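Please read the structure below before turning to the comments.
In my numbering, the protein residues as written are 24 to 464.
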């Protein structure tokens, strides 16, 4: 069984590499289409300088009512696109070539007609995405790109029309559920597949040092939680990079980041990165927030995976985090087969033991330097922690909804202390693991 599991892992990694090559080929510009790859999210100013020829979106607006609503995106050139609806919750997803979004702050946050809100960003190299949250079932009645005319720039136009649930469901091809069929003609379909960023290829190295994967949560189109102008995706990225630098400085370990910039990485790909790199430890970094109606909470919390949540708050958080892929429009969860379930269960037993051991060590170190939650050790069914052969923890470094925690999260001094305690826990974990279980992977 163990050999079969390894075979499945190696096969999956090979498919990922092939997918990455296919994406690179598919997103290459043709002479007729012009440039179709471009800068990352708006914050990546360095990319703008090095890639000035990417399409630019300069304005976006909504018009209409709760029966018919129009979306208009101002561009500097015509682009191909692909639009399709999704249900539960109702959304419309528009895939376009990688675009430099230069839209005004707050664009997409206001509701209008059939659209509750929309968001946009990079979902993979060569591809951007716009996701509309709809008030109910809709169809894309019209969709086209207008040429520049009468002093107006080229524009992408989408007309949404209200339909009933029955009509909506009947319009979907059975084989495409829940990733519903495209709602536009083939002539408008962009040559950008609705797939995820491929995980890193398998590592080949003679370096005996344990490899640690650091996973800053969210990114790109997915902001995570937010308080004022502080977003979770930026806070945890800064923390993750500082942790990486401190670990690498020790010289004891190799480090891989699931993301080192403002890029959206689906949950499954984060796990695949750890497995394909034969990681010895996976640390996911997040920052939680409680809705006002649920009161206040503070301090860092460390989670390990479990089919049954340790409490209602852990269950709420896991459910929220597991839905993160829906932020980018398409949920690409791979449902395991019955055989895979058995293999995963067998492999996870030992992995869970190591995960729990590291969680306890991390709690002991962190409580001496940073404020911890009143119940600092919890468990829940986080998808990002479900690698069967990689010890994994998810660390909520604080609550952005708590004023005191937020002050810590933006403090370099606090971050240095927290990072130092994590590195100490990592040292202790590997010292004990090497002594009891032989060399790390």
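Heads up, the beta-carbon is just placed ideally off N, CA and C, and yes, glycines get one too.
The model shown is predicted, which means the values in this text are computed figures rather than measured ones.
Hey, how far is the Cα of residue i from the Cα of residue j?
i: residue 283; j: residue 187; result: 43 Å
i: residue 374; j: residue 398; result: 23 Å
i: residue 382; j: residue 81; result: 46 Å
i: residue 84; j: residue 182; result: 12 Å
i: residue 437; j: residue 301; result: 31 Å
i: residue 205; j: residue 192; result: Below a pLDDT of 50, predicted positions are generally treated as unreliable, and residue 205, at 34, falls in that range; the measurement from the model is reported next regardless. When rounded, the distance between both Cα atoms is 13 Å.
i: residue 248; j: residue 241; result: 9 Å
i: residue 132; j: residue 252; result: 14 Å
i: residue 385; j: residue 98; result: 49 Å
i: residue 305; j: residue 335; result: 25 Å
i: residue 265; j: residue 439; result: 8 Å
i: residue 433; j: residue 423; result: 10 Å
i: residue 278; j: residue 78; result: 34 Å
i: residue 232; j: residue 276; result: 5 Å
i: residue 163; j: residue 111; result: 17 Å
i: residue 337; j: residue 173; result: 56 Å
i: residue 343; j: residue 136; result: 27 Å
i: residue 259; j: residue 410; result: 21 Å
i: residue 377; j: residue 454; result: 13 Å
i: residue 140; j: residue 340; result: 23 Å
i: residue 130; j: residue 429; result: 25 Å
i: residue 146; j: residue 351; result: 7 Å
i: residue 126; j: residue 95; result: 12 Å
So what does DSSP say about residue i, is it helix, strand or coil?
i: residue 185; result: strand
i: residue 332; result: coil
i: residue 374; result: helix
i: residue 2; result: With the chain covering 24 to 464 only, the question about residue 2 has no answer from this structure.
i: residue 285; result: coil
i: residue 106; result: strand
i: residue 418; result: strand
i: residue 425; result: coil
i: residue 175; result: strand
i: residue 114; result: strand
i: residue 431; result: helix
i: residue 261; result: helix
i: residue 410; result: coil
i: residue 274; result: coil
i: residue 465; result: Residue 465 is absent from the model: the chain starts at 24 and stops at 464.
i: residue 249; result: strand
i: residue 447; result: helix
i: residue 339; result: helix
i: residue 455; result: helix
i: residue 133; result: coil
i: residue 387; result: helix
i: residue 268; result: helix
i: residue 301; result: coil
i: residue 230; result: coil
i: residue 382; result: helix
i: residue 351; result: helix
i: residue 441; result: helix
i: residue 346; result: coil
Considering only DSSP beta bridges, list what residue i is partnered with.
i: residue 162; result: 184
i: residue 157; result: 138
i: residue 401; result: 326
i: residue 123; result: 79
i: residue 167; result: 180
i: residue 145; result: 151
i: residue 280; result: 237
i: residue 306; result: 237, 416
i: residue 93; result: 86, 182
i: residue 254; result: 249
i: residue 311; result: 422
i: residue 395; result: 323
Which whole-angstrom value describes the C-beta separation of residue i and residue j, a residue pair presumed to lie in contact below a C-beta threshold of 8 Å?
i: residue 449; j: residue 270; result: 7 Å
i: residue 101; j: residue 170; result: 7 Å
i: residue 332; j: residue 402; result: 7 Å
i: residue 120; j: residue 144; result: Not quite, the Cβ-Cβ distance comes to about 13 Å (not below 8 Å), so this is no contact.
i: residue 389; j: residue 323; result: 6 Å
i: residue 293; j: residue 280; result: So it is not a contact: roughly 10 Å between Cβ atoms.
i: residue 178; j: residue 244; result: Wrong, their Cβ atoms sit about 22 Å apart, outside the cutoff.
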